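The numbering used here numbers the first residue of the sequence shown as 4 and each following residue consecutively.
Report on the structure given below.
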Amino acid sequence: MSTKNTAYWILNIAFWSVITGLMAFAYWINDNDLKLKNWQFIMDFTIVLLLSIFYTHQLKRSINIFIQFDNLKGIDVFKVLGLLIASILLFYITFSLYIQFAYHFIYDRADVFEHESQGLKGNLIFIINYSIYFLVWTGFYVAVKGLMELNNGRETRLQLESNLKESQLNTLKGQINPHFMFNSLNNIRGLMLEDVDRARNMLTSLSETLRYSLTKSDSNAIALEDELEMVENYIEISKIQFENRLRFNTNIDNYTLNILIPPMIIQMLVENAIKHGISNLKEGGTIILSTTLITNQLSIEVANTGKLSQSKDSTQLGLKNIEKRLELLYGDAATFNLKEKENQVIATIKIPVA
Numbered sequence: 004m005s006t007k008n009t010a011y012w013i014l015n016i017a018f019w020s021v022i023t024g025l026m027a028f029a030y031w032i033n034d035n036d037l038k039l040k041n042w043q044f045i046m047d048f049t050i051v052l053l054l055s056i057f058y059t060h061q062l063k064r065s066i067n068i069f070i071q072f073d074n075l076k077g078i079d080v081f082k083v084l085g086l087l088i089a090s091i092l093l094f095y096i097t098f099s100l101y102i103q104f105a106y107h108f109i110y111d112r113a114d115v116f117e118h119e120s121q122g123l124k125g126n127l128i129f130i131i132n133y134s135i136y137f138l139v140w141t142g143f144y145v146a147v148k149g150l151m152e153l154n155n156g157r158e159t160r161l162q163l164e165s166n167l168k169e170s171q172l173n174t175l176k177g178q179i180n181p182h183f184m185f186n187s188l189n190n191i192r193g194l195m196l197e198d199v200d201r202a203r204n205m206l207t208s209l210s211e212t213l214r215y216s217l218t219k220s221d222s223n224a225i226a227l228e229d230e231l232e233m234v235e236n237y238i239e240i241s242k243i244q245f246e247n248r249l250r251f252n253t254n255i256d257n258y259t260l261n262i263l264i265p266p267m268i269i270q271m272l273v274e275n276a277i278k279h280g281i282s283n284l285k286e287g288g289t290i291i292l293s294t295t296l297i298t299n300q301l302s303i304e305v306a307n308t309g310k311l312s313q314s315k316d317s318t319q320l321g322l323k324n325i326e327k328r329l330e331l332l333y334g335d336a337a338t339f340n341l342k343e344k345e346n347q348v349i350a351t352i353k354i355p356v357a
């Protein structure tokens, strides 16, 4: 049992124990002429206590089913009131049935029903009192639950922001660290001796890649088309080093171009394919990027020549970042899968489309 669940039961039992104790004391003073035996009196209020705990617990469960605390609406007030009234009525009906059965067949005290406290006035007082108690309990529970959900939402947002920042930093390490910058600039310098125009284009691609990393990555979502442009620049820079060893093909569904996706997520897949796939093959290989839209679900697939690495540490950092970001952004609605098939490593991301 979780700490929150334990605290709930302790507070629930304590609340109704105090209420029932006070009610029992009041009834004992005012209705002592009923001449109930002690065990009968104790049994009656024990039943009241158990029924109070049971029906408020069922009320809690119903509220959690019908009310979305992370997206409260005006109609939810009426839903809570409806559930509250239903719980009070069920509580009163159940207790009344117990009283009828107990006093007729267990206590053999049918004469009690002739007492004025058991008339309409007495029953109305009982219903009103317990309606107030149920209302107080419900108000307290809804307030606490709402505050907890608000705090959980805040924590989730903070965790998402922290995770995005971490992912951005890890991506930037692979793009603007001295080793990457040195290799890129050194390769471009060598290229200038052979093809000045291409070297100029590579400098443009490098600057666009760095600009994207420093600006677009601050957003929670970008158009897939923008991410593809960044990936193309990244591939062009990488081709300076790998030359003909790196081949890049795309199969992009035009309907997916304007779909919003987490920034850097395709770039990280491509970077992983180059770093842990193509770079380890003497003859190089091919990376194929595909996107499709099927039944409100975007599928992003990056396949590269090679075999899935057996090293647990070689690719886990980047892939864990992808998995965590997808989990925080989409929950269980998004999936990430990495598999090996026919000398290809295939990474597939599927995310819902609104």
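Using N, Cα and C, we set each Cβ at its ideal position, and we do this for glycine too.
Just so it is clear, the structure is predicted and the values come from calculations on it, not from any experiment.
Rounding to the nearest angstrom, what Cα-Cα distance links Ala202 and Ala336 in this structure?
Their backbone Cα atoms lie some 43 Å apart in a straight line.
Same chain, Cβ closer than 7 Å to Phe72, five either side skipped, listed in chain order:
Taken in chain order, the residues that qualify are Lys148, Gly149, Glu152.
Where does Leu92 land, buried or exposed, given buried means 16+ other C-beta within 10 angstroms?
The residue in question, Leu92, is exposed, as its Cβ has fewer than 16 Cβ neighbours within 10 Å.
Which residues mark the beginning and the end of the alpha helix (DSSP H) in which Ala350 is found?
It is not in any alpha helix (DSSP H) - Ala350 instead sits in the beta strand (DSSP E) that spans 347–355.
How far does the beta strand (DSSP E) with Gly288 in it reach, from first residue to last?
288–296 is the span of the beta strand (DSSP E), which, as asked, contains Gly288.
Got a sec? Which residues, its chain only, sit under 8 Å from Leu87 by beta carbon, not counting five neighbours each side?
Cβ within range, chain order: Leu62, Phe137, Leu138, Thr141.
Does the beta-carbon of Ser5 have 16 or more other beta-carbons within 10 angstroms, so that it is buried, or is it exposed?
Ser5 is exposed by the Cβ-count criterion.
When we look at the beta-carbon of Ser208 and count the other beta-carbons within 10 Å, is it buried (16 or more) or exposed?
Label assigned to Ser208: buried.
Please report how far the alpha carbon of Lys7 lies from the alpha carbon of Lys124, in whole angstroms.
For Lys7 and Lys124, the distance between alpha carbons rounds to 40 Å.
Buried or exposed for Leu84, please, with buried defined as at least 16 other CB atoms from any protein chain shown within 10 angstroms of its CB.
Exposed, since its Cβ has fewer than 16 Cβ neighbours within 10 Å.
Compare the beta carbon distance of Ile130 and Tyr101 with 8 Å and say whether it is the shorter of the two.
The Cβ-Cβ distance between Ile130 and Tyr101 does not fall below 8 Å.
Run through the stretch 202–269 for me and flag every whole alpha helix (DSSP H) of 4 or more residues, listed as ranges in chain order.
The stretch 202–269 contains these whole alpha helix (DSSP H) runs: 227–245.
For a cutoff of 8 Å on Cβ pairs, would you count Lys148 as touching chain D?
Here there is only one protein chain, and chain D is not present.
Asp256 to Phe185, Cα distance in whole Å?
Going by the C-alpha atoms only, they are around 36 Å apart.
How is the alpha helix (DSSP H) around Gln71 delimited, first residue to last?
No alpha helix (DSSP H) contains Gln71, which DSSP labels as neither H nor E.
Does the separation of the CB atoms of Tyr237 and Val273 fall below 8 Å?
Yes, these two residues count as a Cβ contact at 8 Å.
In the structure shown, what three-state DSSP assignment does Glu274 receive?
Three-state result, Glu274: helix.
Throw me the rounded Cβ distance for the Phe48 and Ala27 pair, which I believe falls under 8 Å.
Confirmed, Cβ separation roughly 4 Å.
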